[in-house]
Each structure stands twice: as C-alpha cells, then as structure tokens.
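Peer 1:
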Amino acid sequence: MPVIINDFEIISAPPPTPAEQQEAISVPKQEKPMTIRPEDIERIQQRQQLRRARVWAK
1 MPVIINDFEI
11 ISAPPPTPAE
21 QQEAISVPKQ
31 EKPMTIRPED
41 IERIQQRQQL
51 RRARVWAK
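Here the UniProt record's numbering is used: the first residue of the sequence shown is 1, the next is one more, and so on.
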C-alpha cells in the first residue's frame, strides 16, 4: 500500500532486490494451454443465440 508523505512524495514499495530483478528478466514459464470441452462450446453457442434473440427483440 502506498504511503503518501505529502502531495509530491509517494512511496509505493521498496525497490526490488537483484534476485527479484533477475526473476523478472528470466524467460517466462510455459503454461499449459486451456482446453475447451464440447460442453463449453455448446454453452457458448446457446448463450450467443439467446443474446441474439434479446438484441433482435429490442
């Protein structure tokens, strides 16, 4: 949480340590891609169809 000393001085956080800087520079970890199940696709299509019906009704 930032600390406001006066209108011109705001201290938000201590500067990062060299280890934290090295982690920020390092290559990001590969995450497992999200998988979409057939049920998800059906739910998305149904939601879109209902939305189209609501928009058309206006």
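Note that CB positions come from ideal geometry on N, CA and C, so glycine has one too.
#1: Tell me where the alpha helix (DSSP H) around Pro15 begins and ends.
#2: Does Glu31 come out as helix, strand or coil in the three-state DSSP assignment?
#3: Run through DSSP, which three-state label would residue 101 get?
Peer 2: Based on what the coordinates show:
#1: Unbroken run through Pro15: none, as it is neither H nor E.
#2: coil
#3: What the structure shows of the chain is the stretch from 1 to 58, and residue 101 is not part of that stretch, so it cannot be assessed.
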